[in-house]
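Participant: Protein chains in written order, with the working numbering: chain A, 46 to 366; chain B, 194 to 473; chain C, 22 to 464. Glycine residues also receive a C-beta, built at the ideal position from the N, C-alpha and C atoms. On a predicted model such as this, the values are computed, not experimentally measured, just so you know.
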Amino acid sequence: MAGATHVFPQAWPRSAAWRRRGFRRALTFYLLISPWLIGFVLLGAIPLAGAFVMSFTNYDGLNLDYLSFVGADNYTRALGDADAQYALGRTLLLMAFVVPVGLALQLALALMVNQKIQFSNFFRTIFYLPYVIPVVASVWIWKIFVDPTGGLLNALIGTVLPEANIRWLVEYPTAVLALLTVWAAAGGGMVVFLAGLQGIPAEYREAAMIDGASRTQVTRYITLPLLTPVIFFNLVTGIIVALQILVQPMLLSPGILGLNPGTVPPRDNYLYAVHAYIEIFTKQLFGYGSALLWVLFAVVLGLTVLLFKTSRRWVFYGVEP
Amino acid sequence: MSVAAAPRRASPAQTGLRYGPVLVAAIAFALPIFWVLVTSLKKQSEYGSALFPAVPQWVNYELAVVLADFGRFAANSLFLSSAYALLAVLVSALVGYGFARHKAPGGSKLFLLVIATWMVPNLVLFVPQFVLFARIGITNTYWPWILWGLSGSPFAIFLFRQFFASFPRELDDAAEVDGAGPLRIFLQIYLPNAGPALAASAIFMFLWVWGDWLYPALLLHQENTTLAVRMANAYVDPRGNPLQTVTMAGVVLYVLPLIAFFAFAQRFIVRGIVTTGIKG
Amino acid sequence: MSGISRRKVLIGAGAIAATAAAAPILAACQPAKTGGSGKVVVMTDPNEFNDDDRKTLEAATKLKIEVVASNLTTLYAMWAAGNPPDVFRVQAAGVPQYISRKMVKNLQPYFANSKLLKPDDLAPANNFYKWDGKTIGTGDLYGMVKDWSPDFTLYAYTKAFDDAGVKVPSDTTPLTYDELRDVAKKVNKKDAGKRVYWGFVHSNNDGWIDRTAMNMLAEKNQTLYSADFSKLVISGNPEATKVIRYLYDLAADGVNQTPIDPSPNWMGADFNEGQIALLQYGYWFSAMAESDKTKGKTVFLPAPTWAGVRRDPTMTATGWVISSQTKDADAAWAVFEQYMGGKPAQDRAKSGWGVPGLKSLYPQMPQESAFQKQVQKVLQGELGKSDFILQFNPYIGEETFATSWKKNLEPALKGSISFDKFVQNIESEVNTAIADGKRIIGG
Numbered sequence: 046m047a048g049a050t051h052v053f054p055q056a057w058p059r060s061a062a063w064r065r066r067g068f069r070r071a072l073t074f075y076l077l078i079s080p081w082l083i084g085f086v087l088l089g090a091i092p093l094a095g096a097f098v099m100s101f102t103n104y105d106g107l108n109l110d111y112l113s114f115v116g117a118d119n120y121t122r123a124l125g126d127a128d129a130q131y132a133l134g135r136t137l138l139l140m141a142f143v144v145p146v147g148l149a150l151q152l153a154l155a156l157m158v159n160q161k162i163q164f165s166n167f168f169r170t171i172f173y174l175p176y177v178i179p180v181v182a183s184v185w186i187w188k189i190f191v192d193p194t195g196g197l198l199n200a201l202i203g204t205v206l207p208e209a210n211i212r213w214l215v216e217y218p219t220a221v222l223a224l225l226t227v228w229a230a231a232g233g234g235m236v237v238f239l240a241g242l243q244g245i246p247a248e249y250r251e252a253a254m255i256d257g258a259s260r261t262q263v264t265r266y267i268t269l270p271l272l273t274p275v276i277f278f279n280l281v282t283g284i285i286v287a288l289q290i291l292v293q294p295m296l297l298s299p300g301i302l303g304l305n306p307g308t309v310p311p312r313d314n315y316l317y318a319v320h321a322y323i324e325i326f327t328k329q330l331f332g333y334g335s336a337l338l339w340v341l342f343a344v345v346l347g348l349t350v351l352l353f354k355t356s357r358r359w360v361f362y363g364v365e366p
Numbered sequence: 194m195s196v197a198a199a200p201r202r203a204s205p206a207q208t209g210l211r212y213g214p215v216l217v218a219a220i221a222f223a224l225p226i227f228w229v230l231v232t233s234l235k236k237q238s239e240y241g242s243a244l245f246p247a248v249p250q251w252v253n254y255e256l257a258v259v260l261a262d263f264g265r266f267a268a269n270s271l272f273l274s275s276a277y278a279l280l281a282v283l284v285s286a287l288v289g290y291g292f293a294r295h296k297a298p299g300g301s302k303l304f305l306l307v308i309a310t311w312m313v314p315n316l317v318l319f320v321p322q323f324v325l326f327a328r329i330g331i332t333n334t335y336w337p338w339i340l341w342g343l344s345g346s347p348f349a350i351f352l353f354r355q356f357f358a359s360f361p362r363e364l365d366d367a368a369e370v371d372g373a374g375p376l377r378i379f380l381q382i383y384l385p386n387a388g389p390a391l392a393a394s395a396i397f398m399f400l401w402v403w404g405d406w407l408y409p410a411l412l413l414h415q416e417n418t419t420l421a422v423r424m425a426n427a428y429v430d431p432r433g434n435p436l437q438t439v440t441m442a443g444v445v446l447y448v449l450p451l452i453a454f455f456a457f458a459q460r461f462i463v464r465g466i467v468t469t470g471i472k473g
Numbered sequence: 022m023s024g025i026s027r028r029k030v031l032i033g034a035g036a037i038a039a040t041a042a043a044a045p046i047l048a049a050c051q052p053a054k055t056g057g058s059g060k061v062v063v064m065t066d067p068n069e070f071n072d073d074d075r076k077t078l079e080a081a082t083k084l085k086i087e088v089v090a091s092n093l094t095t096l097y098a099m100w101a102a103g104n105p106p107d108v109f110r111v112q113a114a115g116v117p118q119y120i121s122r123k124m125v126k127n128l129q130p131y132f133a134n135s136k137l138l139k140p141d142d143l144a145p146a147n148n149f150y151k152w153d154g155k156t157i158g159t160g161d162l163y164g165m166v167k168d169w170s171p172d173f174t175l176y177a178y179t180k181a182f183d184d185a186g187v188k189v190p191s192d193t194t195p196l197t198y199d200e201l202r203d204v205a206k207k208v209n210k211k212d213a214g215k216r217v218y219w220g221f222v223h224s225n226n227d228g229w230i231d232r233t234a235m236n237m238l239a240e241k242n243q244t245l246y247s248a249d250f251s252k253l254v255i256s257g258n259p260e261a262t263k264v265i266r267y268l269y270d271l272a273a274d275g276v277n278q279t280p281i282d283p284s285p286n287w288m289g290a291d292f293n294e295g296q297i298a299l300l301q302y303g304y305w306f307s308a309m310a311e312s313d314k315t316k317g318k319t320v321f322l323p324a325p326t327w328a329g330v331r332r333d334p335t336m337t338a339t340g341w342v343i344s345s346q347t348k349d350a351d352a353a354w355a356v357f358e359q360y361m362g363g364k365p366a367q368d369r370a371k372s373g374w375g376v377p378g379l380k381s382l383y384p385q386m387p388q389e390s391a392f393q394k395q396v397q398k399v400l401q402g403e404l405g406k407s408d409f410i411l412q413f414n415p416y417i418g419e420e421t422f423a424t425s426w427k428k429n430l431e432p433a434l435k436g437s438i439s440f441d442k443f444v445q446n447i448e449s450e451v452n453t454a455i456a457d458g459k460r461i462i463g464g
């Protein structure tokens, strides 16, 4: 090259300046993210490491007097624990119902609300409301709603089947839990779908309709594919949340109306996180409970990775307006 | 240019199809909430025996306030939620800006780490945090929330990063030419224009603390705990029997401010999410 | 470069400023540190310790007292947080474990010097707080009952019996448990799916089921556990199996409140509503047994007998202990002593909420109304049977057995598991917990 011999002397001052600038830029970056980074180390990485170590001990949360290492005992026990297996099964079952149904509902609601109809804002608010309601309140709302004594559900059913008076929380606790979960989560997912829908340029739909496509065909061949990233997002978050459900099953126990930490739910609602919680906070088995939780983490991670891998097949990231 | 067909009148069937499902869904969604309102106005003796109250018992609301010492604990919840939301949002905005606009070795891996922490099951993280807080003696105080706020929220960091990434770089360049440092650029250009993202994340952060029951139940102590925990066992008559009617009144009071606020603010949330381009 | 340092200073200053501004607010939210500085944290049941009691004790001890509502999970959480209450309420079943885990203070030296709480004035129920490492009932004192009752007595709601045309059992001759079951089935009543009367509810909604079982076994001088407490033995012990089978059958009979037939209220409230025909609670319940509905229709009956020497001890022995980590043991003792021997104790005795922990206070129990007189009459007979000390397992906590029972009872009653599997599950879960406890204490 013609300028080759001239590059060398010029390279020296440029690389030093470049390095200084690069260093400055890196420093700026790290300074800016420092609160998160420090927080991550102190409140994230270190506790997680601690939890990892704890899972190899018999820590009981009461005092350190009897602390000792137990090797992989906690893990072998976790994998062989019949209760844990049962709980995991119930959790996966609940997830398998709640996530697809929830997604479908959220999408349907978003599509409905996105129509050009009167009062769409009002409808949107109604669907969003349960999402905003705190957990304690929503549990109470449903406990009263399905109460055989004073609940509306049985009153309504009673108009067609007077003798029924189903004790929902005793006979079908998982159904109530599933309904509650879907009801409460609908608004959040709906809003994300709405954002996704509004991000699809109107031109695409209009062009298709001019070409003679019906509304359903537009939805199926244009809207849905373009929505797949949003569907994916909601799917992943939905699964992560579903696998960790803890508070609602405990508080939905039939009987006493007051809410106490550590209440054992009916067998059907004995979810994995509940099992871990009870082992830790009621039975004082912090070490064993940590092992259980790491197993849960592995399951969540595994499922998430699986989802990401299969997403290449059906998630369509292509078009930016 | 869109070649629109001449506007057609919708047939009754089409109107039915458009409004029908939405109405049914809205009724189904609202039914439990409607029942809360109805139950809250009944006498305890009417609970289970009458469908609707004979006379609306507004006194239940008074009882709900008194039995749970509502004002005081609502103030606790308000303080905690606001403090956390304020800190978390500001810190997350700053950090999100850092990720959006500044490059450094390892930067993209760190961002993946942000997303990864979002995926860790809450309990996995909370149990050792609980032990840590216990060992350093900050249980029964509000410090855990302050610390959580100061370290930002992965969700909000993600939101802000996406949001700021869409700002035109020319603004940065112009400001840099004027001699502004990154902090000033953030404070004078990015933050003021981050309205929807700020609103959306502030609302989520506030809501998370206001509605949380588990962490205050485990971390706080009954004098300084939040409303959710206080209400959990408060609504019983002197004999220890539960008062479903007053409980429902309490629920309404607990939830009403949120509902009013959200009915108003939800369009910001939608806009906030739209502009971050979650699709990407 | 000056740019960097300015930026650094700005960011740093901002952070400091924010925290500094927040600090005064947060200072106001400091934790309730236990002990020292004249403050004592007491974890107890607000029903047993109301505001007046607190004020009385504060005046008597010149200390500030802070009350926390009793809850086992909260107690453990406070321990895990390194911040346990100075004084906390326990029941006898939990005492051995608390002692083994070094959670409570040996109070023998304090009792030795106390003017109010003299060792020979202590009611026998206090023996539940004595442990020498092997046997409950001998050794040093670690706590005291606030009051106690022979806990296996019955309350009968006569209207339920009248409605069923069944004679109310005699208050001089104890029933056998088998007779009790028959009577319960006769008076049990449902009307078109709605519960009218529960026949026989007991064991505090199954929270005390192991204690009931142990008392029944004790009539034959047997217990649920192996001699060294290392195992729960039901299926290997025919008598234990009989007892557990009996209790399970009561649940299956539908005469008791169970997970598949729950009540939103606790047993006492339902009795007051006139919904329970026979209720098994101790003498203490007599203070509230007569409600508008049940007044004049309540009869106190002696404890039933299983099959041997009839026993009617307390199974709760609710009382207080002082935490081993209290920062000011003397202050904690001052509060403890006053509550157990001072004016609050006398008030408790007069209220009829329990047999006093001090024998000298026995005469103060109320005997004015007809009902109270009838109660006292039966009580005198029971006191003679109440010296027995149930041997609780030191490796597990108060609720371990009951939690396992409740958890497995639901599927058992629904038919998804057999009775044998029910027993097996409980044995395996409790034995695991015992093994965990042993592993920790190294017993």
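1) Taking only runs that begin and end inside the segment 316 to 403 of chain B, name each unbroken alpha helix (DSSP H) of 4 or more residues, in chain order.
2) Is the CB of A392 of chain B under 8 angstroms away from at least one CB in chain C?
3) Between A290 of chain C and chain B, is the shortest Cβ-Cβ distance under 8 angstroms, so that the two count as touching?
4) Of all Cβ atoms in chain B, is any one closer than 8 angstroms to the Cβ of A454 of chain C?
5) Given this structure, state the Cα-to-Cα distance separating A234 of chain C from I186 of chain A, to the nearest angstrom.
6) Considering only C-alpha positions, which residue in the set B:L400, B:V317, B:A221 and B:L305 is nearest to L88 of chain A?
7) Does DSSP put A48 of chain C in a helix, a strand or coil?
8) I need the DSSP call for A213 of chain C, collapsed to helix, strand or coil.
9) I'd like the list of long-range same chain contacts for P347 of chain B, defined as Cβ closer than 8 angstroms, with 5 residues on each side in sequence excluded.
10) Count the other CB atoms, across all protein chains shown, that sit within 10 Å of the CB of W251 of chain B; report buried if there are 16 or more and exposed otherwise.
11) Which chain C residues are close to R328 of chain B, counting only those with a beta carbon under 7 angstroms from its beta carbon?
12) Could you say which of A:N305, A:F361, A:M140 and A:I325 lies nearest to A123 of chain A if we only look at CA atoms?
13) Using 8 angstroms for Cβ pairs, my map puts G289 of chain B next to F353 of chain B. What's the rounded Cβ distance?
14) Please confirm if N434 of chain B has its CB atom under 8 angstroms from at least one CB of chain C.
15) Any residues in the segment 274 to 306 of chain C with a beta carbon nearer than 9 angstroms to a beta carbon of chain A? Which ones, in chain order?
16) Considering only the beta carbon of each residue, do W81 of chain A and G374 of chain B sit closer than 8 angstroms?
17) What is the rounded straight-line gap between the Cα of P283 of chain C and the Cα of V215 of chain B?
18) Helix, strand or coil: how does DSSP classify A185 of chain C here?
19) Any beta carbon from chain B within less than 8 angstroms of R70 of chain A's own beta carbon?
20) Does D256 of chain A get closer than 8 angstroms to chain C when you measure Cβ to Cβ?
21) Strictly below 7 angstroms CB to CB, what residues from chain C border L411 of chain B?
22) Give the DSSP-derived three-state secondary structure of M309 of chain C in the structure shown.
23) Does any residue of chain B have a CB that is nearer than 8 angstroms to the CB of A90 of chain C?
24) Could you check where the beta strand (DSSP E) with I265 of chain C kicks off and where it finishes?
25) Give the straight-line distance between the Cα atoms of R110 of chain C and N147 of chain C, rounded to the nearest whole angstrom.
26) Any beta carbon of chain A sitting closer than 8 angstroms to that of K427 of chain C?
27) Compare the C-alpha of D465 of chain C against each of C:S224, C:Q385, C:K428 and C:L138 and name the closest.
28) Tell me, to the nearest whole angstrom, how far the beta carbon of N119 of chain A is from that of F97 of chain A; I am working on the premise that it is less than 8 angstroms.
29) Does V237 of chain A pass the burial test, meaning 16 or more other C-beta atoms within 10 Å, or should it be called exposed?
30) Using three-state DSSP, classify F455 of chain B as helix, strand or coil.
31) When we look at the beta-carbon of A62 of chain A and count the other beta-carbons within 10 Å, is it buried (16 or more) or exposed?
32) Taking the alpha helix (DSSP H) that L133 of chain A falls in, what are its first and last residues?
33) N253 of chain B and S270 of chain B look like a contact to me (Cβ under 8 angstroms); what is the Cβ gap, rounded to whole Å?
Facilitator: With the structure as the only source:
1) 336 to 343, 347 to 358, 362 to 370 and 375 to 378
2) no
3) yes
4) no
5) 38 angstroms
6) B:V317
7) With a pLDDT of only 37 at A48 of chain C, under the threshold of 50, the placement of this residue in the model should not be trusted, and no figure is reported.
8) coil
9) V307, I308, T310 and W311
10) exposed
11) G103
12) A:I325
13) 3 angstroms
14) yes
15) Q278, P280, I281, D282, P283, S284, P285, N286 and W287
16) no
17) 38 angstroms
18) helix
19) yes
20) no
21) A98
22) coil
23) yes
24) First-last for I265 of chain C: P259 to D274, but that is the alpha helix (DSSP H), not the beta strand (DSSP E).
25) 14 angstroms
26) yes
27) Since the first residue shown for chain C is 22 and the last is 464, residue 465 of chain C is missing from the structure and cannot be characterised.
28) With 8 angstroms as the limit, N119 of chain A and F97 of chain A do not qualify as a contact, their Cβ atoms being about 11 angstroms apart.
29) buried
30) helix
31) exposed
32) A127 to N159
33) 21 angstroms between Cβ atoms; not a contact.
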